[in-house]
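Take a look at the structure below.
There are 2 protein chains.
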Amino acid sequence: MTIDDLMLQRGEWLQGTGPMSDVVISSRIRLARNLANYPFRNRAGESDLAEILRTVSEAALSCRSCKDATALDLDPADPLDRQVLVERHLISRQLADAPGPRGVVVTRGETLAVMINEEDHVRLQALRSGLQLTTLWGEINTLDDELAERVEFAFDGRLGYLTACPTNLGTGIRVSVMLHLPALKLTNEIVRVARAAEELRLAIRGLYGEGTDAVGDFYQISNQTTLGKSEEEIIEEFGESIIPRVVEYERAARQALIEKRPVQLDDRIWRAFGNLRTARIISSEETLLHLSHLRLGIATGRFPKMDVKELNDLIMPTQPAHLQKRTGRTMSGEERGALRAAFLRERLHHLN
Amino acid sequence: MTIDDLMLQRGEWLQGTGPMSDVVISSRIRLARNLANYPFRNRAGESDLAEILRTVSEAALSCRSCKDATALDLDPADPLDRQVLVERHLISRQLADAPGPRGVVVTRGETLAVMINEEDHVRLQALRSGLQLTTLWGEINTLDDELAERVEFAFDGRLGYLTACPTNLGTGIRVSVMLHLPALKLTNEIVRVARAAEELRLAIRGLYGEGTDAVGDFYQISNQTTLGKSEEEIIEEFGESIIPRVVEYERAARQALIEKRPVQLDDRIWRAFGNLRTARIISSEETLLHLSHLRLGIATGRFPKMDVKELNDLIMPTQPAHLQKRTGRTMSGEERGALRAAFLRERLHHLN
Numbered sequence: 471m472t473i474d475d476l477m478l479q480r481g482e483w484l485q486g487t488g489p490m491s492d493v494v495i496s497s498r499i500r501l502a503r504n505l506a507n508y509p510f511r512n513r514a515g516e517s518d519l520a521e522i523l524r525t526v527s528e529a530a531l532s533c534r535s536c537k538d539a540t541a542l543d544l545d546p547a548d549p550l551d552r553q554v555l556v557e558r559h560l561i562s563r564q565l566a567d568a569p570g571p572r573g574v575v576v577t578r579g580e581t582l583a584v585m586i587n588e589e590d591h592v593r594l595q596a597l598r599s600g601l602q603l604t605t606l607w608g609e610i611n612t613l614d615d616e617l618a619e620r621v622e623f624a625f626d627g628r629l630g631y632l633t634a635c636p637t638n639l640g641t642g643i644r645v646s647v648m649l650h651l652p653a654l655k656l657t658n659e660i661v662r663v664a665r666a667a668e669e670l671r672l673a674i675r676g677l678y679g680e681g682t683d684a685v686g687d688f689y690q691i692s693n694q695t696t697l698g699k700s701e702e703e704i705i706e707e708f709g710e711s712i713i714p715r716v717v718e719y720e721r722a723a724r725q726a727l728i729e730k731r732p733v734q735l736d737d738r739i740w741r742a743f744g745n746l747r748t749a750r751i752i753s754s755e756e757t758l759l760h761l762s763h764l765r766l767g768i769a770t771g772r773f774p775k776m777d778v779k780e781l782n783d784l785i786m787p788t789q790p791a792h793l794q795k796r797t798g799r800t801m802s803g804e805e806r807g808a809l810r811a812a813f814l815r816e817r818l819h820h821l822n
Numbered sequence: 471m472t473i474d475d476l477m478l479q480r481g482e483w484l485q486g487t488g489p490m491s492d493v494v495i496s497s498r499i500r501l502a503r504n505l506a507n508y509p510f511r512n513r514a515g516e517s518d519l520a521e522i523l524r525t526v527s528e529a530a531l532s533c534r535s536c537k538d539a540t541a542l543d544l545d546p547a548d549p550l551d552r553q554v555l556v557e558r559h560l561i562s563r564q565l566a567d568a569p570g571p572r573g574v575v576v577t578r579g580e581t582l583a584v585m586i587n588e589e590d591h592v593r594l595q596a597l598r599s600g601l602q603l604t605t606l607w608g609e610i611n612t613l614d615d616e617l618a619e620r621v622e623f624a625f626d627g628r629l630g631y632l633t634a635c636p637t638n639l640g641t642g643i644r645v646s647v648m649l650h651l652p653a654l655k656l657t658n659e660i661v662r663v664a665r666a667a668e669e670l671r672l673a674i675r676g677l678y679g680e681g682t683d684a685v686g687d688f689y690q691i692s693n694q695t696t697l698g699k700s701e702e703e704i705i706e707e708f709g710e711s712i713i714p715r716v717v718e719y720e721r722a723a724r725q726a727l728i729e730k731r732p733v734q735l736d737d738r739i740w741r742a743f744g745n746l747r748t749a750r751i752i753s754s755e756e757t758l759l760h761l762s763h764l765r766l767g768i769a770t771g772r773f774p775k776m777d778v779k780e781l782n783d784l785i786m787p788t789q790p791a792h793l794q795k796r797t798g799r800t801m802s803g804e805e806r807g808a809l810r811a812a813f814l815r816e817r818l819h820h821l822n
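Each protein sequence line maps, in turn, to chains A and B. The numbering of the first sequence is the numbering used here, which starts it at 471 and goes up by one. The numbering of the second sequence is the numbering used here, which starts it at 471 and goes up by one.
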């Protein structure tokens, strides 16, 4: 499987099929691991990094969990290809931009990824649409066990898994759920959600993680501490208490909009459609914002022209690297804006 | 002819047919006159005002210029009806809101109007689409002569026509031209036009005259002084020098947009269409702004779905009083916004 093959498919996390997918876009679990007998990434030399890359790639590819996976060598890769992987949520921006030998092993369905030589030597990721943390935990735990049979992870009996950054120490787990909260945003109740999250020591971020704004009302909620609780406790708290409560809160806000401000709601939804269908130049941020409102229209039954799958199929192709990759060259922001608008018009034209 | 009849027609000034109508919406000349032997309006009593109204109405209706005209008594009229006349540019906001006996005589084509008991006893107005000040001057001068045969105007051999406000003293003339300057606005060159106008002692205002902003890139340029120059000099300067220069300036700005920023230009035009076609609630200001961009699209040949007449037919019906008059009752701003959006969608739906 190549990057070009990836471009042709919709990753599992964008299928729009998982539980609570009216509000939950996707769930993600990642585990941070480091190899024993090698210095941490920031102290490792070029040859160490190359050895780690080779060792972990081979180990991962030999796991049953990764039987249909591909290893992508990122250092020699085209920057555009790396950016495509970032947009697909398969690697972090940090891994894309880091120097030296590094790579990723990705399964065909894009549900499992093993990042190599990111902040830690190994970062496992399991990613699926909707709220399905238990499934993800099963998958990532299996992969973790399989890898542990093949390489030795740095582990301390008292501290747990050793990580480059102390915030990941212990379980090395981060659980993240991507939520679509347009109604809480429109009613400004998102402020209360953010405050509650802060009290629970959760992080709220945008679509592309750390340091990104919540464009298009897509919010990522994740745990910040990894020490003192078991993986199962963190997952149970997230999957059975925190996230379902936010989902209910968003659903109630949507219902309130439908009952109390239906015209304003429809105005948002239909103007989003109008703008996407007529713009001649449009940024990826504005595109996401309009797609967010269309998604709200689909979820509330007020925009019957599309289903969530069709909507999701507009998200990836309008991202900057995907756009450029398809035309086969890097472009200025203005060129991208025009191409993005042309793509959207072509895809939406038949929806009269 | 009643207000209801007016509602069914497009006033001559919105025909979009006059000279330079790619940029000039309409031209207007008004003359301020007062009857001799009556105190100025602000010192006149109720019975004076009633007598002036009756005298001038009868005189106007007997003029050949007003042979198909109707006299509308404004004091007992429904406020909504008065507002309809303001929106059609047949009376001023001041006349609509003033207390006491007052009225207007309007010709069938809405090209001539005689306002009675506005700031002055008599205000004659001639109004036509495009730049045709010479025609207007012929028409209003004839009407002025005809009226002068029937009533005695307050006139001083040295000062000229006497008026309530000294800025109108002398000729009592005001020449106004409504221009559509979207390209100068988009390129921000409008600032230079405004500065030049200021130096020439001209006033630049919005669509509804004094104290209104230039909504939708519609600008009204008018003379401020009426003393020291003859009517013919003022008209010649306006019609043959000032306005043609602004028109050329706007045309050049449009050409520059087409050549240098065609995508951005089309983006404005087509998004305007998209918003008008999909909004579920929309203000009259936003409507005018979008219609302005569509008009630019029509004038530059980049929006072939409509002609100027069809576009103009969206302007009046979406004005607040016209909207309310058609449904037969006053409405809240929110109700109007929803009704306006529904009207626009219905009118634009077939233009796929």
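Beta carbons: idealized from backbone N, C-alpha and C, even for Gly.
Listed along chain A is no residue with a C-beta nearer than 7 Å to that of R806 of chain B; the closest approach is about 12 Å. Checking the DSSP bridge columns, you'll see F688 of chain A partnered with A:H650. According to the DSSP assignment, A673 of chain B belongs to no alpha helix (DSSP H) but to the beta strand (DSSP E) extending over 672 to 675.
Between A583 of chain A and L766 of chain A, the C-beta spacing is not below 8 Å. Secondary structure remark: continuous alpha helix (DSSP H) runs of at least 4 residues inside the region 555 to 616 of chain B, in chain order: 563 to 567. Note on geometry: alpha-carbon atoms of T800 of chain A and F625 of chain A lie some 43 Å from one another. Where L727 of chain B is concerned, the enclosing alpha helix (DSSP H) starts and stops at 713 to 730. Excluding the 5 residues flanking it on each side, D545 of chain A has same chain C-beta neighbours closer than 7 Å at G570, P571, R572, in chain order. About 5 Å separates the beta carbons of A791 of chain A and V554 of chain A, which is inside the 8 Å limit, making them a contact pair.
C536 of chain A is classed as buried because its beta carbon has at least 16 other beta carbons within 10 Å across all chains shown. With a threshold of 16 other beta carbon atoms within 10 Å, T748 of chain B meets it and is buried. Under the three-state reduction of DSSP output, A618 of chain A falls in the helix class. Contact annotation: Q694 of chain B and M648 of chain B have beta-carbon atoms that are not nearer than 8 Å.
Within 9 Å of the CB of D737 of chain B, the CB atoms of chain A belong to T748, A749, R750, I751, I752, G807, A808, A811, in sequence order along the chain. Between the region 742 to 761 of chain A and the region 796 to 815 of chain A there are three or more C-beta pairs closer than 8 Å, enough to call the two in contact.
Under the three-pair Cβ rule at 8 Å, the region 732 to 740 of chain B counts as touching the region 756 to 770 of chain B. Taking each of B:R675, B:R598, B:P549 in turn and checking the Cα distance to K795 of chain B, the smallest one comes out for B:P549. Between W607 of chain A and I499 of chain A, the alpha-carbon positions lie close to 7 Å from each other.
The Cβ of R724 of chain B sits no closer than 8 Å to any Cβ of chain A. Chain B has no Cβ within less than 8 Å of the Cβ of F773 of chain A. R741 of chain A belongs to the set of residues whose beta carbon lies under 8 Å from a beta carbon in chain B. Here I495 of chain B really is in contact with H650 of chain B; their C-beta atoms are around 6 Å apart, less than 8 Å. Straight through space, the alpha carbons of S562 of chain B and R620 of chain B are spaced by roughly 25 Å.
With three or more CB-CB distances shorter than 8 Å, the region 585 to 594 of chain A counts as touching the region 631 to 643 of chain A. Looking only at B:A539, B:P787, B:F773, the smallest Cα-Cα distance to R817 of chain B is reached by B:P787.
If you check the CB distance, L565 of chain A and E588 of chain A come in under 8 Å. Using a Cβ-Cβ cut-off of 8 Å, G803 of chain A does not count as an interface residue toward chain B, since no Cβ of chain B sits closer than that to its own. Against chain A, a Cβ distance below 7 Å from Q794 of chain B picks out nothing, because the smallest value is about 18 Å. Put simply, of B:D777, B:L531, B:Q725, B:L560 the residue whose alpha carbon is nearest the alpha carbon of L476 of chain B is B:L560. Among the residues facing chain B, Q734 of chain A is included, as its CB has a counterpart in that chain under 8 Å away. Of B:E622, B:A723, B:R513, B:E521, the smallest CA-CA separation from A634 of chain B is found for B:R513. Only residues of its own chain outside the window of five on either side were considered, and among them E622, F623, A624, F625 have a CB closer than 8 Å to the CB of A506 of chain B, listed in chain order. In this structure, S692 of chain A places its C-beta atom within 8 Å of the C-beta atom of S646 of chain A. Taking C-beta separations shorter than 6 Å and ignoring five residues to either side along the sequence, the partners of A520 of chain A in its chain run P571, following chain order. Counting only Cβ-Cβ distances below 9 Å, G744 of chain A has contacts in chain B at R741, F743, G744, N745, L746, R747, T748, A749, in chain order. Shown here for S700 of chain A: same chain residues with a beta carbon closer than 8 Å to its own, the five before and five after excluded, namely T641 in chain order.
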